[in-house]
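Undergrad: In terms of our numbering, the sequence shown has 303 at position 303, counting the first letter as 1, and numbering is strictly consecutive.
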Amino acid sequence: MSKVIGGAGDMIDAKPADYKDNLYLAVNGAWQEKAKIPADKSRTGGFMDLDEGVEKSLMKDFHEFANDENKIPDELMLQAVKLYRLANNVDHLSKFHQQPILKDMQRINDLESLADISKDIASLSKNGFPLPIDIGVEADMKDTSKNVVYVAGAGLILPDKTYYDEGNESGKALLAKYGEVAGRLLSMIGYKLEDAKEIVEKAIAFDKSLVPIVKSSEEWADYTKVYNPMDFDEFVKKSNKLDLKSLVVDQINDTPKKVIIEEPRYLDNLNKLVNDDTFENIKSWMMVKFLTKNASILDEEFRQTIGEYNLALSGAKELQNRTKYAYNFAAGIFSQVVGTYYGKKYFGEKAKEDVRSMVEKMISIYEQRLSENTWLSEDTKKKAIVKLDKIVIKVGFPDKIDDLYSKFEINENDSLYDNVSRIRKIVAQDALDQYHKPVDRTKWLMPGHMVNACYDPSRNDITFPAAILQAPFYSLDQTSSENFGGIGAVIAHEISHAFDNNGAQFDEYGNMNNWWTKDDYAKFKELTKKMIEEFDGIPYAGSKVNGTLVVSENVADVGGLRCALEAAKKENDFDVKKFFINWARVWRNKSTKQLTEMFLSIDVHSPAPLRANVMAQNMDEFYDAFDVTNQDGMWLDPDKRVNIW
Numbered sequence: 001m002s003k004v005i006g007g008a009g010d011m012i013d014a015k016p017a018d019y020k021d022n023l024y025l026a027v028n029g030a031w032q033e034k035a036k037i038p039a040d041k042s043r044t045g046g047f048m049d050l051d052e053g054v055e056k057s058l059m060k061d062f063h064e065f066a067n068d069e070n071k072i073p074d075e076l077m078l079q080a081v082k083l084y085r086l087a088n089n090v091d092h093l094s095k096f097h098q099q100p101i102l103k104d105m106q107r108i109n110d111l112e113s114l115a116d117i118s119k120d121i122a123s124l125s126k127n128g129f130p131l132p133i134d135i136g137v138e139a140d141m142k143d144t145s146k147n148v149v150y151v152a153g154a155g156l157i158l159p160d161k162t163y164y165d166e167g168n169e170s171g172k173a174l175l176a177k178y179g180e181v182a183g184r185l186l187s188m189i190g191y192k193l194e195d196a197k198e199i200v201e202k203a204i205a206f207d208k209s210l211v212p213i214v215k216s217s218e219e220w221a222d223y224t225k226v227y228n229p230m231d232f233d234e235f236v237k238k239s240n241k242l243d244l245k246s247l248v249v250d251q252i253n254d255t256p257k258k259v260i261i262e263e264p265r266y267l268d269n270l271n272k273l274v275n276d277d278t279f280e281n282i283k284s285w286m287m288v289k290f291l292t293k294n295a296s297i298l299d300e301e302f303r304q305t306i307g308e309y310n311l312a313l314s315g316a317k318e319l320q321n322r323t324k325y326a327y328n329f330a331a332g333i334f335s336q337v338v339g340t341y342y343g344k345k346y347f348g349e350k351a352k353e354d355v356r357s358m359v360e361k362m363i364s365i366y367e368q369r370l371s372e373n374t375w376l377s378e379d380t381k382k383k384a385i386v387k388l389d390k391i392v393i394k395v396g397f398p399d400k401i402d403d404l405y406s407k408f409e410i411n412e413n414d415s416l417y418d419n420v421s422r423i424r425k426i427v428a429q430d431a432l433d434q435y436h437k438p439v440d441r442t443k444w445l446m447p448g449h450m451v452n453a454c455y456d457p458s459r460n461d462i463t464f465p466a467a468i469l470q471a472p473f474y475s476l477d478q479t480s481s482e483n484f485g486g487i488g489a490v491i492a493h494e495i496s497h498a499f500d501n502n503g504a505q506f507d508e509y510g511n512m513n514n515w516w517t518k519d520d521y522a523k524f525k526e527l528t529k530k531m532i533e534e535f536d537g538i539p540y541a542g543s544k545v546n547g548t549l550v551v552s553e554n555v556a557d558v559g560g561l562r563c564a565l566e567a568a569k570k571e572n573d574f575d576v577k578k579f580f581i582n583w584a585r586v587w588r589n590k591s592t593k594q595l596t597e598m599f600l601s602i603d604v605h606s607p608a609p610l611r612a613n614v615m616a617q618n619m620d621e622f623y624d625a626f627d628v629t630n631q632d633g634m635w636l637d638p639d640k641r642v643n644i645w
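Next up, the structure:
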């Protein structure tokens with residue numbers, strides 16, 4: 001067995017180690033010791049360093065655009081810059097102070113019974129008010145050519161159910177901080193202190209009533225379990241007090257035959273959670289959730305106040321300065337506009353084609369791996385290859401920006417709150433309008449300036465935004481082995497998601513459909529169980545890894561690394577050490593204690609040092625490259641090594 005399976009988990013300032021004992025620390029130990037987390041961030045490292053570089057470049061451009069509109073490339077970017085300028089204009093915003101939100105808070109305050117919520121439920125939903133049950137429109141997971149209505153319950157105040165455990169002191173402190181901040185925000189919009197305190201207490205009482213009922217992060221990670229079709233006639237009878245028919249029909253302007261229930265347990269308990277006895281708590285919860293969600297777009301004093309809770313949650317030392325906040329806020333609202341601008345200016349069409357060819361190469365390697373697979377039957381292999389060949393590749397930035405963005409108009413004479421409220425209503429209506437339209441398979445899940453990548457099982461597509469395609473992931477100055485250990489493994493990771501424990505349940509068109517033979521799927525489940533066991537309970541940062549929560553990403557990691565390694569071997573300049581060293585380098589990460597704790601509770605990814613080390617331990621080539629023996633920390637017995645794809 002391995003002596004050091006994880007490594008840097010409890011060693012935030014760990015010194016360099018030997019490759020044989022701890023690959024992650026051998027590569028990143030010196031960096032880890034010196035690295036400083038920026039005061040307004042909660043982590044630093046590979047992904048975050050690139051993110052900061054993107055932020056600096058785009059902030060510089062936004063600053064220039066804000067001062068000289070002639071430099072702005074198009075009308076869509078002009079609106080983004082106007083929003084940036086407005087969000088950065090502290091003096092203008094302070095003139096409005098709390099006024100813009102008062103009419104909306106009054107709308108909640110005027111609710112006198114559940115009957116009032118019920119008769120106005122569709123309008124409350126459309127206008128962004130928090131409700132104990134709500135809907136969304138997404139592709140039908142069993143027929144992804146069509147959109148359907150999904151029904152979801154309320155979310156918790158804290159990130160996950162585990163924060164409410166009796167022994168979780170962090171959770172208690174965070175909830176107390178949230179209550180204190182929410183009380184202050186209520187007093188800032190005119191509530192007496194004792195009334196504000198009572199409202200917050202009732203809101204938290206409703207929040208706590210949700211804890212035994214809502215799904216945990218581990219349950220949400222089992223993606224296909226959100227698909228629970230129910231006849232609409234049955235659904236509308238699930239509440240004694242709320243007009244569930246109006247919630248759906250008055251928003252989509254249609255009466256569906258069925259809806260998809262994301263949380264059956266929640267719906268079964270709806271009458272227990274939402275009744276006349278709990279009305280006052282629900283009303284208070286609506287007020288508090290609405291105010292805390294919108295506080296940062298009122299003025300600087302409100303942003304600083306809600307920021308105290310956000311800092312307690314993330315562990316960052318200070319909030320972003322106003323200008324950085326304004327940029328990030330505008331870039332978030334106009335994400336595809338900003339991402340496409342970034343992609344065209346800093347990435348370009350040539351790089352787009354280069355990376356596309358890398359993806360196609362990796363798919364061909366994957367196809368070869370599937371063909372040579374020893375545990376799949378020929379029937380399942382053929383279907384897996386059909387799915388692989390149908391994967392849609394999205395690289396850099398979209399060819400066309402969604403029409404939705406042309407509807408966003410910023411009026412710099414209005415408050416930030418009013419501008420954002422208008423945009424949110426446009427976005428909400430557009431999402432509801434999709435019910436009557438076919439699924440748009442050209443839609444991008446990530447903008448070009450995001451340092452990330454993703455696979456969408458319902459569209460069977462992979463997206464690689466322009467911003468991730470930089471060193472240490474990818475550079476012409478790196479060797480092919482380094483590039484395969486970086487971006488190659490990322491590309492193959494996303495392809496592997498098509499065959500992880502969730503993705504494997506969808507076919508080449510993105511429909512949830514069992515295309516496996518019974519025996520093959522049983523073998524696959526055995527392998528994923530091994531992956532759960534490999535990670536489950538690994539000590540990390542004073543806590544332990546939940547193997548079930550992180551299994552899908554680990555299946556993608558091990559498949560991605562295996563295929564990237566096979567691709568690297570085909571190059572004339574293959575260097576196995578450089579491959580593994582760059583694999584470990586891209587995972588360098590230093591996080592605050594608070595963020596680490598949150599991610600261990602809610603993140604479907606394993607902690608970065610474990611991704612670097614444990615996946616390398618699963619590769620036989622790693623042992624040969626660094627002469628690792630059973631006396632070394634990185635040793636893992638051959639029968640414990642997990643390889644799936």
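Virtual Cβ for every residue (Gly too), placed ideally from N, Cα, C.
What is the rounded straight-line gap between the Cα of His-493 and the Cα of Ala-556?
TA: Their backbone Cα atoms lie some 5 Å apart in a straight line.
Undergrad: Suppose only complete runs of 3+ residues qualify. What are the beta strand (DSSP E) ranges in the stretch 446 to 497, listed by chain order?
TA: As far as the stretch 446 to 497 is concerned, its whole beta strand (DSSP E) runs of at least 3 residues are 454 to 456 and 461 to 465.
Undergrad: Is it buried or exposed for Trp-587, if we count other Cβ within 10 angstroms and need 16 for buried?
TA: Result: buried.
Undergrad: Count the other C-beta atoms from every protein chain shown that fall within 10 angstroms of the C-beta of Trp-516, then say buried if there are 16 or more, exposed otherwise.
TA: Buried, by the Cβ-count rule.
Undergrad: Taking just the CA atoms, how far does Ile-135 sit from Val-274?
TA: Computed Cα separation, rounded: 16 Å.
Undergrad: Please determine, among Asp-233, Glu-219 and Lys-241, the residue with the shortest C-alpha to C-alpha distance to Val-249.
TA: For the residues Asp-233, Glu-219 and Lys-241, the minimum Cα distance to Val-249 belongs to Asp-233.
Undergrad: Specify the secondary structure class of Asn-89 as computed by DSSP and reduced to three states.
TA: Asn-89: coil per DSSP, three-state reduction.
Undergrad: Leaving aside the five residues before and after Arg-303 along the sequence, list all residues of the same chain whose C-beta is less than 6 Å from its C-beta, in chain order.
TA: If we look at Arg-303 and ignore the five residues flanking it on each side, its Cβ neighbours are Ser-296.
Undergrad: Who does Val-678 pair with in a DSSP beta bridge?
TA: In this structure the chain extends from 1 to 645, so residue 678 is not present and cannot be described.
Undergrad: Candidates Asp-207, Phe-626 and Asn-589: which alpha carbon is nearest Pro-609's?
TA: Ranking Asp-207, Phe-626 and Asn-589 by Cα distance to Pro-609 puts Asn-589 first.
Undergrad: Can you say whether Asn-321 is buried or exposed, counting buried as having 16 or more other CB atoms within 10 angstroms of its CB?
TA: Burial call: exposed.
Undergrad: Would you mind reading off the limits of the beta strand (DSSP E) that contains Gly-633?
TA: First-last for Gly-633: undefined, no H or E at that position.
Undergrad: Need the endpoints of the alpha helix (DSSP H) that Asn-269 sits in, please.
TA: Premise fails: Asn-269 is in no alpha helix (DSSP H) and is neither H nor E.
Undergrad: Are the C-beta of Pro-539 and some C-beta of chain B separated by less than 7 Å?
TA: Protein chain content of the structure displayed is limited to a single chain, and chain B is not contained in it.
Undergrad: With a cut-off of 8 Å on the beta carbons, I'd call Gln-336 and Trp-444 a contact; round off their distance for me.
TA: The Cβ separation is near 7 Å, so the contact holds.
Undergrad: Between Thr-548, Gly-542 and Lys-544, which has its C-alpha nearest Lys-530's C-alpha?
TA: Looking at the Cα atoms, Thr-548 is the closest of the given residues.
Undergrad: Could you tell me the alpha carbon to alpha carbon distance between Trp-31 and Leu-131, rounded to whole angstroms?
TA: When rounded, the distance between both Cα atoms is 46 Å.
Undergrad: For Tyr-540, does the three-state DSSP call read helix, strand or coil?
TA: Of the three classes helix, strand and coil, the one that applies to Tyr-540 here is strand, per DSSP.
Undergrad: Could you name the residues that DSSP lists as bridge partners for Thr-44?
TA: DSSP lists Lys-590 as partners of Thr-44.
Undergrad: How should Val-642 be labelled, buried or exposed, when 16 other C-beta atoms within 10 angstroms of its C-beta is the threshold for buried?
TA: That one is buried.
Undergrad: Using the beta-carbon count (16 or more within 10 Å), is Arg-265 buried or exposed?
TA: The residue is exposed, with fewer than 16 neighbouring Cβ atoms inside 10 Å.
Undergrad: As a quick exercise: from Ser-458, Asp-399, Glu-262 and Val-90, pick the residue whose alpha carbon is nearest that of Asp-143.
TA: That would be Ser-458, whose Cα lies nearest to the Cα of Asp-143.
Undergrad: The beta strand (DSSP E) spanning Val-137 covers which residue range?
TA: Start and end: 133 to 140.
Undergrad: Going by alpha carbons, who is nearest to Leu-242 out of Ser-125, Lys-400 and Arg-43?
TA: Ranking the options by Cα distance to Leu-242, first place goes to Ser-125.
Undergrad: Note down, in chain order, each residue of its chain lying with its Cβ closer than 6 Å to the Cβ of Asp-165, except the 5 sequence neighbours on either side.
TA: The answer is none, since no qualifying residue turns up.
Undergrad: For the alpha helix (DSSP H) holding Ser-187, just list the boundary residues, first then last.
TA: Ser-187 -> alpha helix (DSSP H) spans 169 to 188.
Undergrad: Please report the residue range of the alpha helix (DSSP H) in which Lys-387 lies.
TA: From DSSP, the alpha helix (DSSP H) with Lys-387 extends over 378 to 389.
Undergrad: Please specify which runs of the beta strand (DSSP E), each continuous and at least 3 residues long, are wholly inside the stretch 331 to 377, giving them in chain order.
TA: You should have found no qualifying run.
Undergrad: Have a look at Leu-476 and Ala-35 and give me their C-alpha separation to the nearest angstrom.
TA: Using only the alpha carbons, I get a separation of about 26 Å.
Undergrad: List in chain order: all unbroken alpha helix (DSSP H) runs of 4+ residues lying wholly within the stretch 192 to 226.
TA: Listed in chain order, the complete alpha helix (DSSP H) runs (minimum 4 residues) inside the stretch 192 to 226 are 193 to 210 and 217 to 221.
Undergrad: Give me, in chain order, the residues of the same chain whose beta-carbon lies closer than 7 Å to that of Arg-410; leave out the 5 immediate sequence neighbours on both sides.
TA: Strictly speaking, residue 410 in this sequence is Ile, with Arg absent from that position. Correct list, in chain order: Gln-79, Lys-82, Leu-83, Leu-86 and Asn-419.
Undergrad: Three-state secondary structure (DSSP) at Asn-513?
TA: In the structure shown, Asn-513 sits in coil (DSSP, three-state: anything other than H, G, I, E or B).
Undergrad: Tell me which residue opens and which closes the beta strand (DSSP E) that Val-555 is part of.
TA: Element bounds for Val-555: not the beta strand (DSSP E) but the alpha helix (DSSP H), 551 to 569.
Undergrad: Can you list the alpha helix (DSSP H) stretches of 4 or more residues lying completely in the stretch 267 to 334, in chain order?
TA: DSSP runs (the alpha helix (DSSP H)) wholly in the stretch 267 to 334: 270 to 273, 279 to 294, 300 to 314 and 322 to 333.
Undergrad: Quick one: any contact between the stretch 107 to 126 and the stretch 194 to 202, if contact means 3 or more CB pairs under 8 Å?
TA: Judged by Cβ distances under 8 Å, the stretch 107 to 126 makes no contact with the stretch 194 to 202, as fewer than three pairs qualify.
Undergrad: Could you pull out every residue in the same chain whose Cβ sits closer than 8 Å to the Cβ of Gln-429, ignoring the five residues on either side in sequence?
TA: Here the set comprises Lys-126.
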